[in-house]
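In the working numbering, the protein residues as written are 123 to 209. See structure below.
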Amino acid sequence: MLAKLKLNAGLIAVSAIVITATITAPFTNMFGKHYKKNQDYSCCKGDQLVIHHFYSVKFLWADVATGYTLEPSGKALPGGCNIKCND
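Listed below in structure tokens is the structure:
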């Protein structure tokens with residue numbers, strides 16, 4: 123009887139933890155790719171204006187990977203662009 127009570131208490135505790143983590147995970151920066159707007163920049167590749175969006179991939183609040191995604195954004199001015207991309 124006592125063993126069954128301990129087993130039930132353990133199952134309830136584990137279930138509560140899993141349900142809490144499932145509900146709160148989308149509202150925290152625990153997992154997945156997160157963009158940081160304050161580290162974005164833009165430059166020109168040829169005639170194309172390109173925006174570099176900085177992101178970090180997190181697992182349990184630790185940065186696992188970081189990088190930039192590129193987003194082409196229209197054309198540069200006909201007179202040229204004063205900020206050229208290095209790459």
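All C-beta atoms, glycine included, are put in the ideal place defined by N, C-alpha and C.
### Query
Between the segment 158-172 and the segment 191-200, do at least 3 Cβ pairs fall closer than 8 Å?
Taking 8 Å as the limit for Cβ pairs, the verdict is that the segment 191-200 does touch the segment 158-172.
### Query
Hey, how far is the Cα of F153 from the Cα of Y177?
Just so you know, the alpha carbons of F153 and Y177 end up roughly 13 Å apart.
### Rounded C-alpha distance that separates G132 from V140
Going from the Cα of G132 to the Cα of V140 covers about 12 Å.
### Query
In or out: V136 buried (at least 16 other Cβ within 10 Å) or exposed?
The residue is exposed, with fewer than 16 neighbouring Cβ atoms inside 10 Å.
#### Entry: Between the CA atoms of L129 and K155 - distance to the nearest angstrom
Looking at the two C-alpha atoms, the distance is approximately 37 Å.
### Message
On the DSSP letters alone, give me the boundaries of the beta strand (DSSP E) that I205 sits inside.
### Response
Careful: I205 lies outside any beta strand (DSSP E) and carries neither H nor E.
### Task
Find out if the Cβ-Cβ distance for the pair D162, I173 is shorter than 8 Å.
Here D162 is near I173, since their CB atoms are less than 8 Å apart.
### Task
Closer than 6 Å by C-beta to V179: which residues in its own chain qualify, once you throw out the five before and the five after it? Chain order, please.
Contacts found: K155, V186, A187.
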